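Oh and the sequence shown: position 168 is 168 in UniProt numbering, straight run, nothing missing.
Note that beta-carbon positions come from the ideal geometry of N, C-alpha and C, so glycine has one too.
These numbers come from a predicted model, not from an experiment.
Some notes on the structure that comes next.
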Amino acid sequence: MIQRFFHPVGQGAFYSERHIDDNINIVYDCGTEYKNRGNKGTKGVVSQSFSKNDVIHYLFISHFDYDHISLIPILKESVKRIEKVVLPLLHEETKLFLSNIYSVLGEKELATLVRAPNQYFGSDTQIIAVESGNNNDDNFSKEDESDKEGKNNKVRIIPSGKILSLRTKESDWVFIPYNYEYEILSKDFVKKIQDSIVDLQKLKKDSEYAILESVINELKKIYKRMKGGINQNSMFVYSGPEKETSNEIYQVYQRRIIDEFYSKLMCYNLMFPKRPACLYTGDGDLNVVDVQSVYKDYWHFIGTIQIPHHGSYSSFNENILIDRPCFCPISVGKNNSYGHPSQKIIGKTLQYESHPILVTEDVDSTFVEIIEC
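Here you go:
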């Protein structure tokens, strides 16, 4: 049995899978927005999702925006250990830049996570960095020992499309990360820095420059005026079977009995038989990344697609829903200032007989999928 959770953290992202029979845990992103950073309820969602005896076998980090990584310190402290962390490969200059920003914001742990993940997670955790690919890549391959090693041989570097397998009773369950590098840093954020007193090039290369009081104060002002994230890249992850499966039971449950779209209990039995896979999208742009092409050999297994970027219409492409209905969870803050989720997305999703599911900061919006294998 596999339990898949879309946890209620509001305008952020925190998703997990539990392979019950093998006691294996997977997490994709773990964070909430900056203005929600002191919310004890949101922190409790993370700390109560696992116990001190639990091991996270894979932690996937889609990108390094605050709302996707800010709760990782709580996750790290809540479990026994994290075995493997899979993240996008960043250029050293980008690492230093993002790390400096988090240092300025007083987020020292996040600064270390970005700059030196090995140091942050410790020697018991393997760091796997995913190289950027492109829509024409056709290099899906099995795990092996031929992958490159990063600086000081401490980071394993794999290409986009590398198949990461789980050793479980469901032996064909795999994860396929895909990192498309189309725009690392927010143009708006870079423009605001260039228009300020801050020297952008020094900020990218000099950690001492970032601790100057005038720089700190200016960057804090800029960051708080930002309407979106600063790290635009986002890594997709396919989680599902590698080959045809005998899965017959696929239940989906949301605790809220009456929601915005359905006046009935959201519990579906045998609705999408043999489509137990999920595509996690983070803040990815479906107009830039052709996910149907990237995951063409696995597309028929996917019954759940996380709508990217909290339901931002600019990141959405209706083509993902044309050929068959899906469950479409959307992580979104109830009182967010961005207008998320786009009403156009809600309309398009319903038009294609798919199911938009809002996962907010309310505990009763938790979305759970139960997969019997």
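- Leu212 by DSSP, collapsed to three states: which one? Taking the sequence shown and counting its residues from 1, one reaches residue 212 at position 212. If DSSP states are grouped into helix, strand and coil, Leu212 belongs with coil.
- Is Val289 near His310, with beta carbons less than 8 angstroms apart? Along the sequence shown, read from residue 1 onward, the residue named residue 289 stands at position 289. Along the sequence shown, read from residue 1 onward, the residue named residue 310 stands at position 310. No; because the gap between Cβ atoms is not below 8 angstroms, this pair is not in contact.
- Output yes or no for whether 8 angstroms exceeds the beta carbon distance between Ile357 and Pro325. Position 357 of the sequence shown, counted from the first residue, corresponds to residue 357. Position 325 of the sequence shown, counted from the first residue, corresponds to residue 325. Not in contact: Ile357 and Pro325 (Cβ atoms no closer than 8 angstroms).
- Item | Euclidean distance between Cα positions of Arg256 and Gly122 | As a first step, residue 256 is located in the sequence shown; it is residue number 256 there, counting from the start. As a first step, residue 122 is located in the sequence shown; it is residue number 122 there, counting from the start. Note that Arg256 scores 47 on pLDDT, short of 50, meaning its location in the model is unreliable and no value can be drawn from it.
- Message: Taking its Cβ as the centre, do 16 or more other Cβ atoms sit within 10 Å of Gln11, making it buried, or is it exposed?
- Response: Looking up residue 11 in the sequence shown gives position 11. Buried, since its Cβ has 16 or more Cβ neighbours within 10 Å.
- Decide if residue 374 is buried, meaning its Cβ has at least 16 other Cβ atoms within 10 Å, or exposed. Nothing can be reported for residue 374, as the shown portion of the chain is limited to 1 through 373.
- Task: With DSSP as the reference, label Leu87 as helix, strand or coil.
- Result: As a first step, residue 87 is located in the sequence shown; it is residue number 87 there, counting from the start. Leu87: strand per DSSP, three-state reduction.
- To which residues does DSSP link Gly133 through a beta bridge? In the sequence shown, the residue the question calls residue 133 occupies position 133. Its beta-bridge partners are Tyr180.
- Buried or exposed by the 16-neighbour rule on C-beta atoms within 10 Å, applied to Asp323: Stepping through the sequence shown from its first residue, residue 323 is reached at position 323. With fewer than 16 Cβ atoms within 10 Å of its Cβ, Asp323 is classed as exposed.
- Query: Which word fits Gly106, buried or exposed, when buried means at least 16 other C-beta atoms lie within 10 angstroms of its C-beta?
  - Reply: Along the sequence shown, read from residue 1 onward, the residue named residue 106 stands at position 106. Burial call: exposed.
- Item | Span separating the alpha-carbon of Pro117 from that of Gln351 | Residue mapping note: residue 117 aligns to position 117 of the sequence shown, counting from 1. Residue mapping note: residue 351 aligns to position 351 of the sequence shown, counting from 1. Spanning the two alpha carbons is a distance of roughly 43 angstroms.
- Query: Does the distance from the C-beta atom of Leu89 to that of Ile157 stay below 8 angstroms?
  - Reply: Numbered from 1 along the sequence shown, position 89 holds the residue referred to as residue 89. Numbered from 1 along the sequence shown, position 157 holds the residue referred to as residue 157. Yes. Within cutoff.
- Message: What would DSSP say about Lys274, mapped onto helix, strand or coil?
- Response: Here residue 274 refers to the residue found at position 274 of the sequence shown. Coil, per DSSP.
- May I ask which residues mark the beginning and end of the beta strand (DSSP E) holding Ala13? Locating residue 13 in the sequence shown gives position 13, counting from the first residue. Unbroken beta strand (DSSP E) run through Ala13: Gly12 to His19.
- Own chain, CB closer than 7 angstroms to Arg37, minus 5 neighbours either side, in chain order: By 1-based counting over the sequence shown, the position of residue 37 is 37. Taken in chain order, the residues that qualify are Ser70.
- Going by DSSP, which residues form a beta bridge with Phe236? As a working note, residue 236 is residue 236 in the sequence shown. Phe236 pairs with Tyr178.
- DSSP beta-bridge partners of Ile56: By 1-based counting over the sequence shown, the position of residue 56 is 56. Paired residues: Asn25 and Ile82.
- Give every residue of the same chain whose Cβ lies closer than 8 angstroms to the Cβ of Gly240, excluding the five residues on either side of it in the sequence, and list them in chain order. In the sequence shown, the residue the question calls residue 240 occupies position 240. Here the set comprises Trp173, Val174, Pro276, Ala277, Cys278, Tyr298, Phe301 and Ile302.
- Would you tell me roughly how many angstroms separate the C-alpha atoms of Glu318 and Tyr338, rounded to the nearest one? For this step, residue 318 is matched to residue 318 along the sequence shown. For this step, residue 338 is matched to residue 338 along the sequence shown. If you take the alpha carbons of Glu318 and Tyr338, they lie about 20 angstroms apart.
- Message: Less than 8 angstroms between the beta carbons of Ser196 and Asn100, yes or no?
- Response: Residue 196 sits at position 196 when you count from the first residue of the sequence shown. Residue 100 sits at position 100 when you count from the first residue of the sequence shown. Not a contact, by the Cβ cut-off of 8 angstroms.
- Query: Considering residue 409, what are the terminal residues of the alpha helix (DSSP H) in which it resides?
  - Reply: For the chain, the structure presents residues 1 to 373; residue 409 sits outside this window and is missing.
- Quickly, what does DSSP pair Thr304 with across the bridge? List them, please. Residue 304 sits at position 304 when you count from the first residue of the sequence shown. Partner(s): Cys278 and Phe327.
- Exposed or buried, what is Met1 when buried is set at 16 or more other beta-carbons lying within 10 Å of its beta-carbon? One-based indexing of the sequence shown puts residue 1 at position 1. With fewer than 16 Cβ atoms within 10 Å of its Cβ, Met1 is classed as exposed.
- Message: Spatial neighbours of Tyr313 within its chain, please: C-beta separation below 7 angstroms, excluding the five flanking residues on both sides.
- Response: As a working note, residue 313 is residue 313 in the sequence shown. For Tyr313, where only same-chain residues beyond five positions count, the Cβ hits under 7 angstroms are Ser342, Lys344 and Ile345.
- Query: From this set, Gln292, Val198, Lys334 and Asn336, which residue's C-alpha is nearest Leu321's C-alpha?
  - Reply: Within the sequence shown, the letter at position 321 stands for residue 321. Ranking Gln292, Val198, Lys334 and Asn336 by Cα distance to Leu321 puts Gln292 first.
- Query: Excluding sequence positions up to five away, which residues of its chain have a Cβ less than 8 angstroms from the Cβ of Asn134?
  - Reply: Locating residue 134 in the sequence shown gives position 134, where the first residue counts as 1. Taken in chain order, the residues that qualify are Tyr180.
- Under 8 angstroms, do Ser62 and Asp283 count as touching if we go by C-beta distance? Here residue 62 corresponds to residue number 62 of the sequence shown, with the count starting at 1. Here residue 283 corresponds to residue number 283 of the sequence shown, with the count starting at 1. Cβ distance < 8 angstroms, so Ser62 and Asp283 count as in contact.
- Could you check which residue in Val114, Ser354, Lys40 and Asn335 has the C-alpha nearest to that of Lys95? One-based indexing of the sequence shown puts residue 95 at position 95. With distances taken between Cα atoms, Lys95 lies closest to Val114.
- Query: When the Cα atoms are used, what is the spatial distance from Leu166 to Tyr178?
  - Reply: Mapped onto the sequence shown, residue 166 falls at position 166. Mapped onto the sequence shown, residue 178 falls at position 178. One C-alpha to the other measures close to 17 angstroms.
- Give the secondary structure of Leu164 by DSSP, where H, G and I count as helix, E and B as strand, and everything else as coil. Position 164 of the sequence shown holds residue 164. Here Leu164 sits in strand by DSSP.
- CA-CA distance, Glu260 and Ser365? Here the question's residue 260 lines up with position 260 in the sequence shown. Here the question's residue 365 lines up with position 365 in the sequence shown. Its pLDDT being 48, under 50, Glu260 is placed unreliably by the model, and the measurement read from it follows with that caveat. C-alpha separation (whole angstroms): 11 angstroms.
- Message: So if DSSP puts His355 in a beta bridge, which residue, or which two residues, is it bridged to?
- Response: Against the sequence shown, residue 355 aligns to sequence position 355. His355 is bridged to Phe327.
- Task: Go through its chain and collect everything with a Cβ distance to Asn287's Cβ below 6 angstroms, but skip five positions before and after it.
- Result: Your numbering for residue 287 matches position 287 in the sequence shown. Once the five neighbours on either side are set aside, the close Cβ partners of Asn287 are Asn317.
- Message: Buried or exposed, going by whether 16 or more other CB atoms sit within 10 Å of the CB of His355?
- Response: Within the sequence shown, residue 355 is the residue found at index 355, counting from 1. Its Cβ being crowded by 16 or more others within 10 Å, His355 is buried.
- Quick one: give me the first and last residue of the alpha helix (DSSP H) that Ile320 is part of. Locating residue 320 in the sequence shown gives position 320, counting from the first residue. Neither: Ile320 is in no alpha helix (DSSP H) and is coded neither H nor E.
- Message: Restricting to Cα atoms, I'd like to know which of Thr32, Ile24, Arg18 and Ser16 is closest to Asn336.
- Response: Here residue 336 refers to the residue found at position 336 when the sequence shown is read from its first residue. Residue Thr32 is the option with its Cα nearest to Asn336.
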